[in-house]
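For what it's worth, the numbering used here labels the leading residue of the sequence shown as 222, then goes sequentially. Note that the Cβ used here is the ideal one computed from N, Cα and C, for glycine as well. All figures in this text were calculated on a predicted structure; none of them were measured in a lab.
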Amino acid sequence: PYTTLFRSTAPAACLIQGTVLDAESGKPLPKTRVFAKAGRITSILHVTDEAGAFCFERLEAGSYELVFSRSSYVDALYGARPGGEKGIVFTVDGAASLPPLTVKMLRSAAIGGMVLDTTGEPVENARVDLLRKTWDEGWNSDSVTTTRTDDRGVFRFGQLAPGTYYLCADPNQSGSAITFYSGAY
């Protein structure tokens with residue numbers, strides 16, 4: 222006679238769990254990469270299911286930040302402003318679950334263009350700075366990033382959160398012939 226052994230295991234409780242949604246439509250975002258980061262070195266990856274849900278069943282005791290990444294969306298740090306670098310740090314004891322989280326991700330935007338000289342010719346290797354309008358007891362501009370034009374004079378900044386941005390181009394790389402574009406995106 223044959224003996225069959227069955228082993229029933231209950232699903233592990235989620236220590237950190239939640240749902241990732243599109244900020245505009247409220248629809249779930251499947252296939253979003255969710256990282257539980259403990260410091261600069263340790264990072265544990267999960268991917269959301271079709272309902273946008275994620276679950277970290279096993280985490281060693283410690284402090285974690287949650288980072289969310291999906292193509293065509295601005296990378297998000299839980300608890301930070303869009304594009305921000307200061308989020309909420311979760312303390313996990315390895316046994317007790319935290320309440321479920323809801324994360325709303327914003328579609329990313331891009332700004333691109335071309336730098337031309339005074340004769341209308343493209344300028345290769347021109348420095349282009351991207352600045353963002355910020356509030357700190359008054360309106361200021363903070364540097365976001367810098368790039369250089371390619372051989373066609375073209376530049377592009379991607380993965381941008383909503384906001385007001387300024388472009389500053391130095392086609393001569395002299396620091397004296399600087400142009401600002403003050404359109405809002």
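*Tell whether a beta-carbon distance below 8 Å holds between alanine 347 and aspartate 391.*
Stepping through the sequence shown from its first residue, residue 347 is reached at position 126. Stepping through the sequence shown from its first residue, residue 391 is reached at position 170. By the CB criterion at 8 Å, alanine 347 and aspartate 391 fall inside the cutoff.
*Who pairs with alanine 257 in a beta bridge, going by DSSP?*
Numbered from 1 along the sequence shown, position 36 holds the residue referred to as residue 257. DSSP output for alanine 257 lists Ile265, Leu287 as bridge partner(s).
*Assuming tyrosine 285 and lysine 258 make a contact with CB atoms under 8 Å, what is their CB distance in whole Å?*
Here the question's residue 285 lines up with position 64 in the sequence shown. Here the question's residue 258 lines up with position 37 in the sequence shown. A Cβ-Cβ distance of about 6 Å is found for the pair tyrosine 285 and lysine 258, placing them in contact under the 8 Å criterion.
*Use the C-beta contact count for arginine 377: other C-beta atoms within 10 angstroms, 16 or more gives buried, fewer gives exposed.*
Taking the sequence shown and counting its residues from 1, one reaches residue 377 at position 156. Looking at its Cβ environment, which holds fewer than 16 other Cβ atoms inside 10 Å, arginine 377 is exposed.
*Taking the alpha-carbon positions, what's the valine 268 to glutamate 306 distance?*
What you label residue 268 is simply residue 47 of the sequence shown in a count that begins at 1. What you label residue 306 is simply residue 85 of the sequence shown in a count that begins at 1. Between valine 268 and glutamate 306, the C-alpha separation is close to 22 Å.
*Buried or exposed: glycine 379, going by 16 or more other Cβ atoms within 10 Å of its Cβ?*
Residue 379 sits at position 158 when you count from the first residue of the sequence shown. Classification of glycine 379: exposed, given that the 10 Å Cβ count is below 16.
*Starting from valine 313, follow its DSSP beta bridges and name the residues at the other end.*
Looking up residue 313 in the sequence shown gives position 92. Gly283.
*Residues of its chain near leucine 250, where Cβ-Cβ distance is below 7 Å and the 5 sequence neighbours each way are ignored*: Locating residue 250 in the sequence shown gives position 29, where the first residue counts as 1. For leucine 250, where only same-chain residues beyond five positions count, the Cβ hits under 7 Å are Val241, Leu242, Asp243, Thr269, Gly273, Arg291, Met326.
_Distance check for glycine 374 and glycine 341, CA to CA, integer angstroms please._
Mapped onto the sequence shown, residue 341 falls at position 120. Mapped onto the sequence shown, residue 374 falls at position 153. Distance from the CA atom of glycine 341 to the CA atom of glycine 374, rounded to whole angstroms, is 11 Å.
*Please state whether DSSP places threonine 240 in a helix, a strand or coil.*
Taking the first residue of the sequence shown as position 1, residue 240 is located at position 19. Strand, per DSSP.
*In or out: leucine 266 buried (at least 16 other Cβ within 10 Å) or exposed?*
In the sequence shown, counting from the first residue as 1, residue 266 sits at position 45. Flag for leucine 266 reads exposed.
_C-alpha distance - alanine 282 paired with threonine 312, whole-angstrom precision_ = As a position in the sequence shown, residue 282 is number 61, starting the count at 1. As a position in the sequence shown, residue 312 is number 91, starting the count at 1. Using only the alpha carbons, I get a separation of about 8 Å.
*Could you give the residue range of the beta strand (DSSP E) that holds lysine 252?*
Within the sequence shown, numbered from 1, the residue matching residue 252 stands at position 31. According to the DSSP assignment, lysine 252 belongs to no beta strand (DSSP E), since it is labelled neither H nor E.
*Let me know if isoleucine 237 comes out buried or exposed under the rule of 16 or more other beta-carbons within 10 Å of its beta-carbon.*
Indexing the sequence shown from 1 puts residue 237 at position 16. Counting Cβ neighbours within 10 Å, isoleucine 237 comes out buried, since at least 16 surround it.
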